[in-house]
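Those protein sequences? They're chains H and Z, same order as listed. To get the numbering used here, take the position in the first sequence, counting from 1, and add 7. To get the numbering used here, take the position in the second sequence, counting from 1, and add 7. Beta carbons are placed, not taken as given, at the ideal position from N, Cα and C, and that holds for glycine. Let me begin by presenting the structure, written as structure tokens, before commenting on it.
There are 2 protein chains.
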Amino acid sequence: MKNDFLRPSQAQLKKWAGLNDTAARRGEGIFPAEGVKVVAEMFRAAWPVNALLVLPDKIKYWEKAIAAKPDDVPVYQLSEAQWKKVSQDKEPEGIMALASLPPQLSWAEAIKKGSGNALLIYEVNNPANLGALLRSAHWFGFTNIVLSTKSVDCTNPKTIRASMGSIFYLTISGNIDLMAALPEIKKTYFVIGSTARQGVVPRSTGKRTALLLGSESHGLPEKMLAFADEQWTIPGNDRADSLSLPQAAAILMYECTKK
Amino acid sequence: MKNDFLRPSQAQLKKWAGLNDTAARRGEGIFPAEGVKVVAEMFRAAWPVNALLVLPDKIKYWEKAIAAKPDDVPVYQLSEAQWKKVSQDKEPEGIMALASLPPQLSWAEAIKKGSGNALLIYEVNNPANLGALLRSAHWFGFTNIVLSTKSVDCTNPKTIRASMGSIFYLTISGNIDLMAALPEIKKTYFVIGSTARQGVVPRSTGKRTALLLGSESHGLPEKMLAFADEQWTIPGNDRADSLSLPQAAAILMYECTKK
Numbered sequence: 008m009k010n011d012f013l014r015p016s017q018a019q020l021k022k023w024a025g026l027n028d029t030a031a032r033r034g035e036g037i038f039p040a041e042g043v044k045v046v047a048e049m050f051r052a053a054w055p056v057n058a059l060l061v062l063p064d065k066i067k068y069w070e071k072a073i074a075a076k077p078d079d080v081p082v083y084q085l086s087e088a089q090w091k092k093v094s095q096d097k098e099p100e101g102i103m104a105l106a107s108l109p110p111q112l113s114w115a116e117a118i119k120k121g122s123g124n125a126l127l128i129y130e131v132n133n134p135a136n137l138g139a140l141l142r143s144a145h146w147f148g149f150t151n152i153v154l155s156t157k158s159v160d161c162t163n164p165k166t167i168r169a170s171m172g173s174i175f176y177l178t179i180s181g182n183i184d185l186m187a188a189l190p191e192i193k194k195t196y197f198v199i200g201s202t203a204r205q206g207v208v209p210r211s212t213g214k215r216t217a218l219l220l221g222s223e224s225h226g227l228p229e230k231m232l233a234f235a236d237e238q239w240t241i242p243g244n245d246r247a248d249s250l251s252l253p254q255a256a257a258i259l260m261y262e263c264t265k266k
Numbered sequence: 008m009k010n011d012f013l014r015p016s017q018a019q020l021k022k023w024a025g026l027n028d029t030a031a032r033r034g035e036g037i038f039p040a041e042g043v044k045v046v047a048e049m050f051r052a053a054w055p056v057n058a059l060l061v062l063p064d065k066i067k068y069w070e071k072a073i074a075a076k077p078d079d080v081p082v083y084q085l086s087e088a089q090w091k092k093v094s095q096d097k098e099p100e101g102i103m104a105l106a107s108l109p110p111q112l113s114w115a116e117a118i119k120k121g122s123g124n125a126l127l128i129y130e131v132n133n134p135a136n137l138g139a140l141l142r143s144a145h146w147f148g149f150t151n152i153v154l155s156t157k158s159v160d161c162t163n164p165k166t167i168r169a170s171m172g173s174i175f176y177l178t179i180s181g182n183i184d185l186m187a188a189l190p191e192i193k194k195t196y197f198v199i200g201s202t203a204r205q206g207v208v209p210r211s212t213g214k215r216t217a218l219l220l221g222s223e224s225h226g227l228p229e230k231m232l233a234f235a236d237e238q239w240t241i242p243g244n245d246r247a248d249s250l251s252l253p254q255a256a257a258i259l260m261y262e263c264t265k266k
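Here's what the structure looks like:
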């Protein structure tokens, strides 16, 4: 690896450090995608990327990943102190991409892409949980993701990290009024609402399914649940609190796609 | 709530701040259990506790939880600055218990307790993942937990936090040479090994089951997998990386306990 990387300007560093903020990411049209695995998936998915940032001392971690880089993507090398300002990672692997934001799709446009199942996410606000949901969605072929208003942004750095690069393979529409969209969604999908206590046991449906998931703290509003074709509850110890959202969601996706 | 709480000494604060360290927890025989939910579960399970620490400004969060406190448990009130030294939590709810360490059980003693399924955990080293596993185990009735050598300690503060208090309902034996224990375990349990690629599809067994889970990065060693009665793999998109450990484990526990 030749030492021919660019050095960032103060203005660039300031801009990149600000990308933790959702509005800043939208303004710049880019989001930081950090870590060897995430960057490797980004290249594999041929996702558009503006630049790569690296920490020279960590070359043993990222040397392989960077080899897949398209020729026209510039690489900047940062000092440890500069890295700390732009990175969210306590133990950085020393590689970060500045990836282009996913296109903003309307729900109707998103439906047309692919024939997979859909995940309808209502007011989930823990970014790591959203990342975990995306990772499972990619595994189980829930390729359309619909995020309600008041959900965390899908390019939040913690979401990207927990998604392990799954985000680059999904079609995501954000900031959707889910209650208003549900009648239209029901025309295309069999809608299953997840609820902690009152639903039926999950089972194979054999249908194109949209799985509706509520927030970690409050679940789904009753009127939204009532709109689902079926309500599902995972049996368990009812003296225990509950399953956590990413685990419950993984089980439901698993059931939906079971042969 | 009367303002009759104790004030900690410097020596106490220093001791409590050190409890992030596994050896220190063992030495003192206590572990910090932080957060309203965790403390409430600890009281509900009648778990032995040495003391409670509170942050007076956060009384609206913990007022209800503390009402369940046994009379003989002392309560110390800490300043914000003192709290920062003992807490792991970025957004503290202002309540922490100093709980007694679980009894160190041998594997043979642990088996005798209860009739539930077991989780055999091999070299899992992410504390939040272990906490998530314990939470799911509690939900699905995997009441015996066996932690291998080189696994993270089950009283790690991040584990306690992610377990949401499930740890208080489980029988946990730690630091076990799993390979050596497996022949004995197989006499009592039907052993299922989890593997990312080569196993059969999960199914109900109708047997008392021990589910064997490998580390996040390396899975299970081949010789350990070969020892299992069955190897299970969750079907999915094989171009995707994999499911994350807590999600995969939740699906397998769900299948094991399905009626």
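Opening and closing residue of the alpha helix (DSSP H) in which residue i lies
| i | result |
| --- | --- |
| Phe147 of chain H | 134–147 |
| Gly34 of chain Z | 29–35 |
| Trp23 of chain H | 17–24 |
| Thr195 of chain H | 185–195 |
| Ser170 of chain H | 164–170 |
| Ala233 of chain H | 229–234 |
| Glu70 of chain Z | 66–73 |
| Val208 of chain H | Careful: Val208 of chain H lies outside any alpha helix (DSSP H) and carries neither H nor E. |
Interface partners of residue i on chain Z, CB under 7 Å
| i | result |
| --- | --- |
| Tyr261 of chain H | Ile241, Ile258 |
Proximity below 9 Å, CB of residue i to CB of residue j
| i | j | result |
| --- | --- | --- |
| Gly25 of chain H | Ala31 of chain H | yes |
| Thr150 of chain Z | Gly123 of chain Z | yes |
| Val131 of chain Z | Leu219 of chain Z | no |
| Ile199 of chain Z | Pro109 of chain Z | no |
| Glu41 of chain Z | Ile102 of chain Z | yes |
| Ser107 of chain Z | Asn57 of chain Z | yes |
| Pro228 of chain Z | Tyr68 of chain Z | no |
| Ala139 of chain H | Pro253 of chain H | yes |
| Ala256 of chain Z | Ser201 of chain Z | yes |
| Thr29 of chain Z | Asp184 of chain Z | no |
| Thr264 of chain Z | Gly206 of chain H | no |
| Leu105 of chain H | Glu87 of chain H | no |
| Ala135 of chain Z | Lys97 of chain Z | no |
| Leu127 of chain H | Ser155 of chain H | yes |
| Met49 of chain Z | Ser143 of chain Z | no |
| Val80 of chain Z | Leu13 of chain Z | no |
Contacts that residue i makes with chain Z (C-beta to C-beta distance below 8 Å)
| i | result |
| --- | --- |
| Leu250 of chain H | Arg142, Ser143, Trp146, Ala257 |
| Ser173 of chain H | Ala247, Asp248 |
Start and end residues, beta strand (DSSP E) containing residue i
| i | result |
| --- | --- |
| Leu105 of chain Z | 102–107 |
| Thr264 of chain Z | Element bounds for Thr264 of chain Z: not the beta strand (DSSP E) but the alpha helix (DSSP H), 252–264. |
| Thr216 of chain Z | 216–220 |
| Ile128 of chain H | 125–128 |
| Glu223 of chain Z | Here Glu223 of chain Z belongs to no beta strand (DSSP E), and DSSP marks it neither H nor E. |
| Val82 of chain Z | 82–84 |
| Val153 of chain H | 151–155 |
| Val159 of chain H | No beta strand (DSSP E) contains Val159 of chain H, which DSSP labels as neither H nor E. |
| Trp239 of chain Z | 237–239 |
| Gln115 of chain Z | Reading off the sequence, residue 115 of chain Z comes out as Ala, not Gln. Careful: Ala115 of chain Z lies outside any beta strand (DSSP E), inside the alpha helix (DSSP H) at 114–119. |
Selected residue, minimal CA-CA separation from residue i, among the options
| i | options | result |
| --- | --- | --- |
| Leu137 of chain H | H:Pro209, H:Ser251, H:Lys265, H:Asp11 | H:Ser251 |
| Ala47 of chain H | H:Ile241, H:Pro228, H:Arg168, H:Arg210 | H:Arg168 |
| Phe267 of chain H | H:Ile192, H:Pro99, H:Val207, H:Gln84 | This structure does not reach residue 267 of chain H, given that chain H is present from 8 up to 266, and the question cannot be answered. |
| Lys266 of chain H | H:Val207, H:Phe147, H:Gln254 | H:Phe147 |
| Leu60 of chain H | H:Lys71, H:Gln89, H:Lys44 | H:Gln89 |
| Gln111 of chain H | H:Val153, H:Pro190, H:Glu98 | H:Val153 |
| Pro209 of chain H | H:Ser224, H:Asp236, H:Pro190, H:Ile183 | H:Asp236 |
| Asn133 of chain Z | Z:Asn163, Z:Ala104, Z:Ala125 | Z:Asn163 |
| Arg246 of chain Z | Z:Ile258, Z:Leu177, Z:Arg204, Z:Met49 | Z:Arg204 |
| Trp11 of chain Z | Z:Lys120, Z:Gln84, Z:Phe50 | Here residue 11 of chain Z is Asp; the residue named in the question, Trp, does not match the sequence. Closest option to Asp11 of chain Z, Cα to Cα, is Z:Gln84. |
| Lys65 of chain H | H:Phe50, H:Val43, H:Val80, H:Pro77 | H:Val43 |
| Ser222 of chain H | H:Met231, H:Pro39, H:Thr216 | H:Met231 |
| Trp54 of chain H | H:Tyr176, H:Phe197, H:Lys119, H:Ser249 | H:Tyr176 |
| Asn182 of chain H | H:Lys92, H:Lys21, H:Trp114 | H:Trp114 |
| Lys157 of chain H | H:Ile174, H:Asn27, H:Glu70, H:Met186 | H:Met186 |
| Leu141 of chain Z | Z:Arg14, Z:Pro77, Z:Ser170 | Z:Ser170 |
Chain-ordered chain Z contacts of residue i [CB-CB under 9 Å]
| i | result |
| --- | --- |
| Ala139 of chain H | Ser251, Pro253, Gln254 |
Chain H contact residues for residue i, given Cβ-Cβ distances below 8 Å
| i | result |
| --- | --- |
| Asn244 of chain Z | His145, Trp146, Phe147, Gly148 |
Residue i: CB within 8 Å of a non-hydrogen atom of the ligand SAM
| i | result |
| --- | --- |
| His225 of chain Z | In the structure on display, the ligand SAM does not appear, and there are no ligands present to speak of. |
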